[in-house]
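Okay, structure first, notes after.
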Amino acid sequence: MSWSIIVIIITIFQVILLLLSPRYKNRSPFSIYYRHVFQPIVQDSHRYRWKYHLVPFFYLTLFIYLTYCYYTKVEPLIASQLYFIEVWIWIPFMIFSPVIFGILTMVTIPNTVNNRRNQEKVLYRYPYDEIMYYPNIECRTCGIVKPARSKHCEICNSCILLCDHHCLWVNNCIGEGNYLYFYSFLLCNCITMTYSFIRLFLMYCQGHAPSSRNILTLLILCGSFAVICAGFTFLQLQLVKDGMTTNEQDKWFTLQEYMRDGKLIRTKDENKWFIANPNDDATITINADTIFYSTNAYDHEGYHLSSDEYTIVEDPRQITNLYDSGDFFTNLKDFCYDP
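For the sequence shown, position 95 matches number 92 in my numbering, and the numbering has no gaps at all.
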């Protein structure tokens, strides 16, 4: 195995560790990457702003290299095994579609509170669930009322409607207005890399492709990126199934952590949600002296409640996701809808 392949494999492994470090930040070795690489470089939006162009450049460079490697070094070796429709239709489609949808995702600015024409529709497209989102809350940066399911992006410096996350691969926020392009970008990458790997692998195993270092290189790269793309796509579609964004997933995770610690309660009369001593890391026993804080991050007031005013939430099924229709395709249509 050549040094170039070894370097590429090590690079891919490092990228995987870096990208997975936020999800597994409490486990080694992901915790090391999270503390010393992800937090200072990725999370600090005000330092090294040139860094936001590195990942798209890295992706485009690799994609161009794979295309170059195929047409100049691999296709001449397997041309006799390819069908007419593959050569003139399917392979060109697989090469151009990820690039086209990637560019569309990159240049399509998601809708914000400021760039939407009808402000009433902005505020009331989604109701406030009063668990994660509360009415009459102003963004500390923009100074405008935050619609439900919106989030202020420090990189874009805007309140993004139906905000999912700021995607490093395209250096753009994923939100209302570009979900369709983003999902198409993910699926096209999955199809391209998976098909390329399987087709080459079958040719290689059946003896229809010669033992070539170039074929082996392309096989390893396509297989590696097929796994990465499939993983990202699965996670995103799983969120669609659950009717939540990446931003909301983090909030649901936090709420369920409080629930497991016995700290999450719901009032009986007004159906309001509170957390008992949220700054205390340990599991606590709620009593008459317990101070409760609203799940509204903008409400810092402490509350005293009697035991007959609330119930302790012990099961995730007691927490209703107001934005989940219960059907994957209905949720997908809602995400891709651009008013």
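All C-beta atoms, glycine included, are put in the ideal place defined by N, C-alpha and C. All of these numbers come straight from a predicted model, not from anything done at the bench.
Tell me the DSSP bridge mates of residue i?
| i | result |
| --- | --- |
| W270 | R263 |
| R308 | The sequence shown places Thr at residue 308, rather than the Arg named in the question. Bridge partners of T308: R263. |
| I171 | H162 |
| E135 | V142 |
Tell me which same chain residues have a C-beta within less than 7 Å of the C-beta of residue i, skipping the five on either side of it?
| i | result |
| --- | --- |
| Y30 | L14, L15 and S18 |
| L216 | F194, L197, F198 and Y201 |
| A273 | K260, I262, I281, I283, T287 and F289 |
| S209 | L74 |
| N244 | K148, C160, D161 and H162 |
| P207 | L74 |
| Y67 | L215 |
| W249 | M241 |
| K22 | S28 and Y31 |
Using the three-state DSSP reduction, which class does residue i fall into: helix, strand or coil?
| i | result |
| --- | --- |
| T109 | strand |
| S208 | coil |
| N328 | helix |
| S291 | strand |
| L299 | The residue asked about is misnamed: residue 299 is Gly in this sequence, not Leu. Strand at G299. |
| H163 | strand |
| R20 | coil |
| H33 | helix |
| P313 | helix |
| A227 | helix |
| Y80 | coil |
| G323 | coil |
| R46 | helix |
| T214 | helix |
| G220 | helix |
| T282 | coil |
| I6 | helix |
| D239 | helix |
Could you tell me the boundaries of the alpha helix (DSSP H) in which residue i lies?
| i | result |
| --- | --- |
| I92 | I88 to V104 |
| I345 | Residue 345 is absent from the structure shown; the chain starts at -2 and stops at 336. |
| K248 | T243 to R257 |
| I75 | E72 to I75 |
| Y30 | F27 to Y30 |
| L59 | L51 to C66 |
Give every residue of the same chain whose Cβ lies closer than 6 Å to the Cβ of residue i, excluding the five residues on either side of it in the sequence, and list them in chain order.
| i | result |
| --- | --- |
| L302 | F289 |
| S94 | C185 |
| C333 | Y176 and L177 |
| N108 | L158, E173 and G174 |
| S155 | T109 |
| M256 | V310 |
| Y121 | none |
Would you mind reading off the limits of the beta strand (DSSP E) that contains residue i?
| i | result |
| --- | --- |
| I157 | S155 to I157 |
| H149 | K148 to C150 |
Kindly list the residues whose CB is nearer than 8 Å to the CB of residue i, restricted to its own chain and excluding five residues on each side of it in sequence; keep chain order.
| i | result |
| --- | --- |
| P124 | A145 and L319 |
| I92 | T64 and T189 |
| H43 | E151 |
With a threshold of 8 Å between beta-carbons, can residue i be considered close to chain D, or not?
| i | result |
| --- | --- |
| F198 | You won't find chain D in this structure, because it holds only one protein chain. |
(Q) Assess contact between the stretch 307 to 316 and the stretch 260 to 273, defined as three or more Cβ pairs (one per stretch) separated by less than 8 Å. Is contact present? (A) yes
(Q) Assess contact between the stretch 177 to 193 and the stretch 218 to 227, defined as three or more Cβ pairs (one per stretch) separated by less than 8 Å. Is contact present? (A) Yes, they touch.
Q. Do the stretch 223 to 233 and the stretch 175 to 186 touch if we need at least three Cβ pairs shorter than 8 Å?
A. yes
Q) Do the stretch 93 to 102 and the stretch 160 to 169 touch if we need at least three Cβ pairs shorter than 8 Å? A) yes
Q | Contact the stretch 30 to 39 vs the stretch 51 to 58: 3+ CB pairs below 8 Å | A | With a cut-off of 8 Å, the stretch 51 to 58 and the stretch 30 to 39 do not count as touching, because too few Cβ pairs lie within range.
(Q) Does the stretch 126 to 146 come into contact with the stretch 291 to 298, if we say contact requires no fewer than three beta-carbon pairs (one atom in each stretch) closer than 8 Å? (A) Between the stretch 126 to 146 and the stretch 291 to 298 there are three or more inter-stretch CB-CB distances shorter than 8 Å, so the stretches are counted as touching.
Q) Are the stretch 143 to 155 and the stretch 79 to 91 in contact at 8 Å, needing three or more beta carbon pairs? A) no
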